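To start, the structure under review is shown below, and the notes come after it.
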Amino acid sequence: MQARVIMLVDLDFFFAQCEERRNPSIRDKPVVVCVYSGRSEDSGAVSTANYIARKYGVKAGIPIYLAKKKLKDVDAVFLPVDHEFYDEVSEKIMRILRSHADRFEQVGIDEAYLDVSRKVNGDFEQAEKLAKKAKDEVKAHEKLTCSIGIGPNKLIAKIASDIKKPDGLTVVKPEQVESFLSPLPVSSLIGVGRKTEEKMVAMGIRTVRDLAEYDAQRLIEAFGRNLGTYFHKASIGIDDEPVQERSGVESISRISTLKKNTRDLELITEKTNHLCDQVYEHLAQSGLSFKSVGIVAVMTDMSILSRSETFENPTDDLEVLKKTAKELFERLLKESELEARRVGVKVFNFVKKQEEQKQLTSFLGFPES
DNA sequence: GTATGCTTTCGGC
DNA sequence: TTACGGCCGAAAGCATAC
């Protein structure tokens with residue numbers, strides 16, 4: 006059993022970098038990739054921005070209008086998102102990265118874990134060379150930079166990848182794990198969100214070092230056996246999560262901004278029926294059935310409300326989807342007085358169609374063939 | 001008390 | 001000072017089961 010060597014590869018400011026590659030003449034300017042909602046000239050939000058734009062405070066999530074204001078005296082480039090193009094680029098890069106890994110796990114469109122333990126014989130020097138080679142290859146074939154973190158597990162690799170970017174490479178060897186982790190805030194650990202961090206701070210735990218020094222048994226008392234054990238192990242750099250292929254998406258959703266804010270169920274249903282059609286189209290390509298339907302509404306004050314329903318048995322029926330979405334919106338409107346601004350539909354809890362058959366037959370007591 | 005599953009919210013890009 | 005997308009997975013909260 007040799008030591009594990011794990012890499013996390015993160016494609017830098019991915020959408021904006023794709024746009025720079027397509028049109029290199031914009032590379033020295035702020036590049037802002039936007040999602041326009043169509044409601045008015047500049048309504049919408051920033052999806053991602055290159056590092057030049059970030060120097061002006063332009064980053065993912067801010068309104069387009071605000072981004073334009075921050076860049077009003079600058080020669081900046083604003084572009085609409087082009088997901089098809091990014092998907093294409095991502096697919097090619099993932100193929101390159103996969104070829105360098107013993108095991109591969111893609112996370113979203115621009116990130117992947119590579120287990121390279123065997124490939125580099127458990128040697129971190131070799132892993133660093135391999136990472137440079139992968140970076141060079143991605144650069145040569147796809148003209149894109151990425152940032153890589155290397156560590157003895159996914160936890161360390163992920164945190165390491167954030168240390169230097171863009172175009173960074175950070176290696177944390179097993180003997181460096183303790184000094185690497187100790188000073189970080191507990192929120193650096195996956196699994197520690199705002200609430201958990203607050204709870205830990207109240208217990209006198211701010212840094213990973215504090216967490217590591219905290220009595221493991223007391224952690225278990227405070228967070229339960231699973232979480233408590235996980236936190237204790239993570240604090241000393243232990244993480245046994247394997248790098249494994251993701252079987253597929255966990256949810257498919259479509260959301261859209263309404264022309265006008267409304268609480269008229271018929272107007273909303275008109276829009277969500279269309280969204281259901283799109284979700285269904287995507288679903289049909291994947292050959293999946295779903296057990297759960299969810300809806301989401303962004304209200305006038307930008308607060309987000311959601312409702313969902315899980316069925317006894319999986320289905321792939323478009324009419325069931327539409328009917329359920331409508332009922333959920335009806336319920337949501339009863340429980341809020343605000344008008345809806347954006348509405349969305351999603352399906353999740355997937356079952357592959359063959360397995361659905363299997364589930365049914367085993368339920369009925371037939372022997373499996 | 002803890003595990004599990006479902007629902008809702010949060011947060012990154 | 002306001003302004004505001006679409007999609008995903010993770011986190012959190014709760015009810016019920018064990």
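Okay, so the first sequence: first residue is 6 according to this note's numbering, each after it adds one.
The C-beta atom is built at its ideal place from N, Cα and C for all residues, glycine as well.
Here the structure is a predicted model, which means the values were calculated and not measured.
Nearest-angstrom Cβ-Cβ length linking residue i and residue j, presumed shorter than 8 Å
i, j, result
"Leu216", "Phe236", "6 Å"
"Ile114", "Glu142", "Actually they are not in contact, since the Cβ atoms of Ile114 and Glu142 sit about 19 Å apart, beyond 8 Å."
"Val176", "Glu133", "5 Å"
"Phe355", "Ser294", "7 Å"
"Glu147", "Val94", "6 Å"
"Val121", "Met12", "6 Å"
"Asp17", "Ser187", "Contact doesn't hold; Cβ gap of about 28 Å is too wide."
"Pro179", "Ala8", "7 Å"
"Glu202", "Val191", "6 Å"
"Ile257", "Lys351", "6 Å"
"Val37", "Val63", "6 Å"
"Ile225", "Thr234", "6 Å"
Simplified DSSP state of residue i, which is helix, strand or coil
i, result
"Glu340", "coil"
"Phe371", "Confidence at Phe371 is low in this model, with a pLDDT of 40, below 50, so its placement is unreliable and the value that follows should be read with caution. Three-state DSSP puts Phe371 in coil, outside helix and strand."
"Tyr235", "helix"
"Lys169", "coil"
"Ile300", "strand"
"Thr267", "strand"
"Ala54", "strand"
"Thr329", "helix"
"Tyr41", "strand"
"Thr320", "strand"
"Ser308", "coil"
"Ser184", "helix"
"Pro29", "helix"
"Val352", "strand"
"Leu16", "strand"
"Glu250", "coil"
"Arg59", "helix"
"Gln22", "helix"
"Leu71", "helix"
"Arg347", "strand"
"Glu46", "coil"
"Arg108", "strand"
"Val79", "coil"
"Ile114", "coil"
"Ile161", "helix"
"Asp141", "helix"
"Ile273", "helix"
Identity of the residues DSSP links to residue i by a beta bridge
i, result
"Ile11", "Asp120 and Gly156"
"Arg100", "None; Arg100 has no bridge partner."
"Thr175", "Gly154"
"Ser294", "Val356"
"Thr201", "Paired residues: none, contrary to the question."
"Gln283", "According to DSSP, Gln283 bridges with nothing at all."
"Ile257", "Val352"
"Ser313", "Gly299"
"Leu194", "Per DSSP, none; premise fails for Leu194."
"Leu84", "Val38"
"Thr262", "Arg347"
"Thr212", "Pro190"
Where residue i falls, given that 16 or more other Cβ within 10 Å makes a residue buried
i, result
"Thr277", "buried"
"Asn158", "buried"
"Glu96", "exposed"
"Arg3", "Here the chain comprises residues numbered 6 to 374, so residue 3 is not present and cannot be evaluated."
"Gly209", "exposed"
"Gly154", "buried"
"Ala145", "exposed"
"Met307", "exposed"
"Glu98", "A quick correction: the sequence has Ile, not Glu, at residue 98. So Ile98 counts as buried."
"Lys140", "buried"
"Asp15", "buried"
"Lys163", "buried"
"Ile309", "exposed"
"Ala117", "buried"
"Lys137", "exposed"
"Pro35", "buried"
"Val254", "exposed"
"Phe368", "Model confidence at Phe368 stands at a pLDDT of 45, short of 50, so the residue's coordinates are unreliable and nothing is read from them."
"Ser240", "buried"
"Ala81", "buried"
"Ala165", "buried"
"Asp244", "buried"
Meets three-Cβ-pair contact criterion under 8 Å: the region 42 to 56 and the region 12 to 23
yes
Say whether the region 336 to 350 touches the region 299 to 313, bearing in mind that this needs 3 or more beta-carbon pairs closer than 8 Å, one atom from each stretch.
yes
Would you call the region 310 to 328 and the region 243 to 263 touching, i.e. three or more CB-CB distances under 8 Å?
no
The region 56 to 74 / the region 105 to 123 touching (three or more Cβ pairs under 8 Å)
no
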